[in-house]
């Protein structure tokens, strides 16, 4: 059964017809590339073909009801996208496909797979004469349908075969399609992992800004909608700020209250934020903003425990805010933007370190460019990040880029005001305060860790270096003996 009977072979295939698979398949067909589709539950193939019939692209879709029929419906070299659950499901589908494929065929994993697994799969398939592309896809279901941000990694020659399709279906911005070749083997999935970590940080920072405006300034949902809508017209312009403003306009049909107030404060996660934290520790890169976001989601899930603790551990007495409301709103705006800069600085440094460790050759400015459209973290200021790396490809940190440095230094007093006001009121803002601590630590020439190293040498003979001879060999002191004198 097909949406429209066809004699020719499909240009590309899709395995997995959940929301993302369906929408990406329609995107590909709409852009002129006939696509074959297959799902383990074949009833989903029928449902998808019925959906495709209502679109002009339905004529570009071929339905298959077995893996063999699916593979035989594709032109060579075959290009097969997998949009199945990360983990064992990917390996299972790959094993099904391997005996049916010919040398040079390409399997593309478009899910959120762990990059170490992608490295393994790419190596194993290359030994079998097959190509494996690990491709991050960001933008949710609407992005998949109308143009996502795509982050492919794998064999560069294999990607060249895929490139015309990817550039056509990606989101389009002023300086090109939102896709770039990230590098060999697991580079694409590594970039997507860190992208999701940045997304965690962004969402947590926005939630904390909301907490200050709601609990300190006392803004209502309609007032919050107005504030975020206004912010979306300036430096904070982004997809997440845009949808936040819209969320505050929706009322619960059952109670008439703002719907956001009826949602339980428990935020789930699927694992990419956790992976980002683990990899950052392994690579020795500091990402406190993203780590705070992961911790906050974990803490949010302990709802019952928090409710009981709230009865036993009172904080500061809540009083009406007596200051200038607009001044505090402006301070929260600046604190949010400055913290966001710190979060992206952390993410970019993690990607750079990952690229150096695995010899991927990732171009940070290109990542900022392809994140400008299609993806969840798309934002106006990504163009500024792109420009920062164009000015200086080896930029050690976004905070020392002239443009970002000037903005953060100017915003510093208001940033501190927002953080200290929230802390004085007992409002948890772990990501915003972690960002400020990151900024303060990065700009401090002499940290108190000289004492920490002295302690390590005292109890463990771990040695230390002297300030007056930093290039000399480390030395050890018998602290106990000297302390007696």
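Residue numbers (my numbering): 76 to 560. We treat Cβ as the ideally placed atom computed from N, Cα and C, and that holds for glycine.
According to DSSP, what are the bridge partners of residue i?
i           : result
residue 252 : 247
residue 213 : 224
residue 158 : Its beta-bridge partners do not exist; DSSP assigns none.
residue 333 : 326
residue 539 : 550
residue 464 : DSSP, once it has assigned bridges, lists no residue as partnering residue 464.
residue 136 : 110
residue 206 : 181
residue 90  : 113, 157
residue 313 : 454
residue 544 : 541
residue 258 : 228
residue 85  : 149
To the nearest angstrom, report how far apart residue i and residue j are at their CA atoms.
i           : j           : result
residue 537 : residue 545 : 16 Å
residue 157 : residue 270 : 20 Å
residue 426 : residue 278 : 20 Å
residue 438 : residue 390 : 47 Å
residue 215 : residue 100 : 14 Å
residue 104 : residue 137 : 10 Å
residue 457 : residue 260 : 26 Å
residue 140 : residue 231 : 32 Å
residue 248 : residue 257 : 18 Å
residue 404 : residue 189 : 39 Å
residue 554 : residue 542 : 18 Å
residue 80  : residue 335 : Because residue 80 carries a pLDDT of 44, less than 50, the predicted location of this residue cannot be relied on, and no value is offered for it.
residue 76  : residue 352 : Confidence in residue 76 is poor, its pLDDT being 37 and thus under 50, which makes the residue's placement too unreliable to answer from.
residue 431 : residue 330 : 54 Å
residue 310 : residue 253 : 21 Å
residue 173 : residue 143 : 11 Å
Hey, would you say residue i sits closer than 8 Å to residue j, going by beta carbons?
i           : j           : result
residue 211 : residue 193 : no
residue 501 : residue 224 : no
residue 86  : residue 108 : yes
residue 443 : residue 460 : yes
residue 263 : residue 228 : yes
residue 191 : residue 102 : no
residue 504 : residue 287 : yes
residue 151 : residue 183 : no
residue 491 : residue 511 : yes
residue 206 : residue 162 : no
residue 119 : residue 92  : yes
residue 98  : residue 220 : yes
residue 316 : residue 306 : yes
residue 124 : residue 146 : no
residue 362 : residue 421 : yes
residue 412 : residue 292 : no
residue 283 : residue 454 : no
residue 280 : residue 414 : yes
residue 479 : residue 463 : yes
So residue i is in the alpha helix (DSSP H); what residue range does that whole segment cover?
i           : result
residue 532 : 524 to 535
residue 361 : No alpha helix (DSSP H) contains residue 361, which DSSP labels as neither H nor E.
residue 429 : 400 to 433
residue 142 : 142 to 147
residue 382 : 378 to 387
residue 475 : Element bounds for residue 475: n/a, residue is neither H nor E.
residue 510 : 505 to 517
residue 446 : Neither: residue 446 is in no alpha helix (DSSP H) and is coded neither H nor E.
residue 268 : 262 to 290
residue 171 : 163 to 172
residue 391 : Segment: none, residue 391 is in no alpha helix (DSSP H) and carries neither H nor E.
residue 345 : Here residue 345 belongs to no alpha helix (DSSP H), and DSSP marks it neither H nor E.
residue 118 : 118 to 128
residue 299 : 296 to 306
Let me know if residue i comes out buried or exposed under the rule of 16 or more other beta-carbons within 10 Å of its beta-carbon.
i           : result
residue 423 : buried
residue 78  : The predicted model places residue 78 with a pLDDT of 41, which falls under 50 and marks its position as unreliable, so this point remains unresolved.
residue 513 : buried
residue 559 : exposed
residue 276 : buried
residue 267 : buried
residue 485 : exposed
residue 196 : buried
residue 318 : exposed
residue 135 : buried
residue 90  : buried
residue 338 : exposed
residue 407 : buried
residue 364 : buried
residue 429 : buried
residue 489 : buried
residue 110 : buried
residue 534 : exposed
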